[in-house]
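Beneath this line is the structure, given in structure tokens, with notes to follow.
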Amino acid sequence: MNQTIRLKNRLWTTCFFIIYFGISACSHVSIQQYPIPADKSFESSSAIEGVSAIAKPLLSRDDQLTYFGTDMMGKGILPIYLAVKNNNNEDSFILKSDSITLQSDEGNSSKDTPATEMINNSQNMMAVTAVLSPLLFIAADMSESNARVIDDNFESNKFRSKTLNPGQMASGFLYLSWDKFKDKDHTNMCFLLSNPVSDKSYPYCLNISLKGVSQ
Amino acid sequence: MTLLGWLNLRRFFNILVPVVILMVTGGCSFTHTYKQPIHNVSLPTVQDRINLRVKLELSDDLLNSNLVTFYDPDRYIVPMGENLSYHSIQLVKNVFTDPIIPGDNVSPEVDVAVYILTPKIISATSIRAKDAKTTIVIEWSLSNKSTGKTVWVETVSGEGSAHHGVPNLSLKEGNQTERFEMALRDLFEKSQSAMLSSNILRKLSNVPNTY
């Protein structure tokens, strides 16, 4: 009788470990790296001092699942991919991530508005880098280890400050609070390029279309 | 008390005691601190150092920074400050011809005519998964002390990863230490490479010194 109970207990313990390790091994979320744009992608954008930029919002849910492992807009976040290429043969430029701003007031949006004016108009602007905490994902409806992987990917994909040497490119994602922009057709993203040798700064603005959201 | 009442009471306690123990231990969170020795990550030798007087400034945020891994409800902490400051000093000595490190006695005349190098901790994460990974991200910023202008900025990410197969193994002290050391090495090697390959820093080194 006792032997049967002991055998049952061992079986239960073994089953528990098999299930635990099975879940641990199989439940990892798969996330792809966003492709780095080819040089020709920058040809259509205007160049300032030889520097060109492109910005692409990830409006499709499928893209968000592929590159972030989760439905970002369902969590109130719109990721925008920004790539900046320095094709100037001589000069380097500093691009600080905290200088990047977005215009949330559609009434004042204009492609020709100088970025310096927009940046100074703080009521209409929001700092892009301080929008969200990655901890947001932890409470999501997924296993803890998956949430950590997604959280880590979210953090590592952020656009970071960089000095662009001739020929270099900086790229990464900016995270937008989707609630503030979901009723808008477009937004303007602006940043400052600083030449540390000549001590001059150049505003650069991009018009981003927010049409074509697919759920 | 009747015999029946006594037996029911025993049964009640047999159930209650494990439940109380589970509730108490389940509700407690423990913090495990894995204090790190100075990992002497040796950087590649530099033949052609940058001819600049650079003063390293270390913030309290950097000196008190920790790498934290959560495994609910527990926390696993790896203090990073000592290692980050030690290796920042090694890096500045390795890359620049005229480094000034925290604690150096410098005359006021010299202290004005310098470039200030500041490492700022952007993030430090450690994920507990099948392939455990530790990532430390630092933003390096060099500014001209007399003008206050930033002349160079670079964000560098150092990674240390190891395949353990079983997520819980990644929380063991030895594994945390191994990944931390890998991330440190990667971080400071990349930082050194970024400084040495910077056009701006090379251009500034060609400008005649005013001190």
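Protein chains in written order, with the working numbering: chain A, 398 to 612; chain B, -17 to 193.
Cβ atoms here follow ideal geometry from the backbone N, Cα and C, with glycine treated the same way.
Chain-ordered neighbours of residue i on chain A, where CB pairs are closer than 8 Å
i, result
"N181(B)", "S489, N562, P563"
"S128(B)", "Ordered by position in chain A, no residue passes the 8 Å Cβ test against S128(B), which lies about 13 Å from the chain."
"K253(B)", "No answer is possible for residue 253(B): it lies beyond the span of chain B, which begins at -17 and ends at 193."
"K172(B)", "Correct list: empty, because the minimum Cβ distance to chain A is about 13 Å."
"E121(B)", "R557, S558"
Listed by chain order, chain A residues near residue i by CB distance under 7 Å
i, result
"I109(B)", "R545, V546, D549"
"V133(B)", "P593"
"K185(B)", "V594"
"E136(B)", "K559, T560"
Beta-carbon proximity check, residue i vs residue j, cutoff 9 Å
i, j, result
"T117(B)", "I59(B)", "no"
"E136(B)", "M177(B)", "yes"
"S143(B)", "K115(B)", "yes"
"V481(A)", "A567(A)", "yes"
"L491(A)", "P600(A)", "This sequence places Ile at residue 491(A); Leu is not what is there. No, they are not a contact pair."
"L573(A)", "P476(A)", "yes"
"W134(B)", "I82(B)", "no"
"F12(B)", "L73(B)", "no"
"F556(A)", "I497(A)", "yes"
"E163(B)", "V23(B)", "yes"
"K561(A)", "T584(A)", "One detail in the question is off: residue 561(A) reads as Leu in this sequence, not Lys. No; because the gap between Cβ atoms is not below 9 Å, this pair is not in contact."
"E446(A)", "N486(A)", "no"
"Y97(B)", "L124(B)", "yes"
"G140(B)", "L99(B)", "no"
"G609(A)", "L456(A)", "yes"
"V92(B)", "R31(B)", "no"
"G466(A)", "S427(A)", "yes"
"G564(A)", "N554(A)", "no"
"L479(A)", "L589(A)", "no"
"D376(A)", "S558(A)", "For residue 376(A) there is no data in the structure shown, the boundaries of chain A being 398 and 612."
Cross-chain neighbours of residue i in chain B, by beta carbon under 7 Å
i, result
"E552(A)", "S105, T107"
"K437(A)", "Per Cβ cutoff of 7 Å: no residues; K437(A) is ~25 Å from chain B at best."
"K493(A)", "V135"
Spatial distance of residue i from residue j (CA atoms)
i, j, result
"D200(B)", "V(-1)(B)", "Outside the displayed span of chain B (-17 to 193) sits residue 200(B), for which this structure offers no information."
"M470(A)", "N33(B)", "49 Å"
"K17(B)", "K405(A)", "43 Å"
"Y464(A)", "P101(B)", "30 Å"
"I605(A)", "K493(A)", "20 Å"
"N550(A)", "I109(B)", "10 Å"
"V50(B)", "T107(B)", "7 Å"
"E440(A)", "A450(A)", "9 Å"
"F(-5)(B)", "V1(B)", "10 Å"
"H21(B)", "D56(B)", "26 Å"
"S128(B)", "L38(B)", "15 Å"
"N546(A)", "S595(A)", "Checking the sequence shown, residue 546(A) turns out to be Val, not Asn. Distance between the alpha carbons of V546(A) and S595(A): 43 Å."
"W575(A)", "I104(B)", "24 Å"
"S70(B)", "V448(A)", "32 Å"
"L25(B)", "Q174(B)", "8 Å"
"L45(B)", "D86(B)", "18 Å"
"L533(A)", "L462(A)", "In this predicted model, L533(A) has a pLDDT of only 49, less than 50, meaning its place in the structure is not dependable enough to derive any value."
"K75(B)", "T132(B)", "21 Å"
"T27(B)", "S180(B)", "17 Å"
"S41(B)", "G63(B)", "10 Å"
"N188(B)", "V88(B)", "23 Å"
"S47(B)", "W409(A)", "44 Å"
"P19(B)", "K453(A)", "45 Å"
"Q158(B)", "P61(B)", "11 Å"
"S442(A)", "N483(A)", "13 Å"
"Y68(B)", "P84(B)", "11 Å"
"M168(B)", "S591(A)", "Here the sequence assigns Asp to residue 168(B), which means Met is not the residue at that position. Going by the C-alpha atoms only, they are around 28 Å apart."
"Q29(B)", "T79(B)", "11 Å"
The ligand GTP heavy atom lying under 8 Å from the CB of residue i
i, result
"P600(A)", "By its list of ligands, the structure shown contains no ligand whatsoever, and the ligand GTP lies outside what it can speak to."
Neighbouring residues, chain A, relative to residue i (Cβ below 9 Å)
i, result
"S139(B)", "S553, R557"
"T117(B)", "D549, E552, S553"
Chain B contact residues for residue i, given Cβ-Cβ distances below 8 Å
i, result
"K482(A)", "None at all; the shortest Cβ gap to chain B is about 16 Å."
Chain-ordered neighbours of residue i on chain C, where CB pairs are closer than 7 Å
i, result
"E64(B)", "Within the model displayed, chain C is absent; protein chains A and B are what it includes."
What ranges does the alpha helix (DSSP H) occupy inside the stretch 445 to 503 of chain A, keeping only unbroken runs of at least 4 residues that lie completely in it?
458 to 465
What are the uninterrupted segments assigned as alpha helix (DSSP H) that are 4 or more residues long and contained completely in the stretch 534 to 595 of chain A, given in chain order?
541 to 553, 575 to 578
With 7 Å as the C-beta to C-beta threshold (strictly closer), list the residues of the stretch 592 to 610 of chain A near chain B in chain order.
P593, V594, D596
Check each residue of the stretch 574 to 592 of chain A: if its Cβ is closer than 7 Å to any Cβ of chain B, include it; give the result in chain order.
none
Where in the stretch 37 to 89 of chain B do unbroken runs of the alpha helix (DSSP H), each at least 4 residues long, occur, reported from the N-terminal end onward?
42 to 45, 63 to 77
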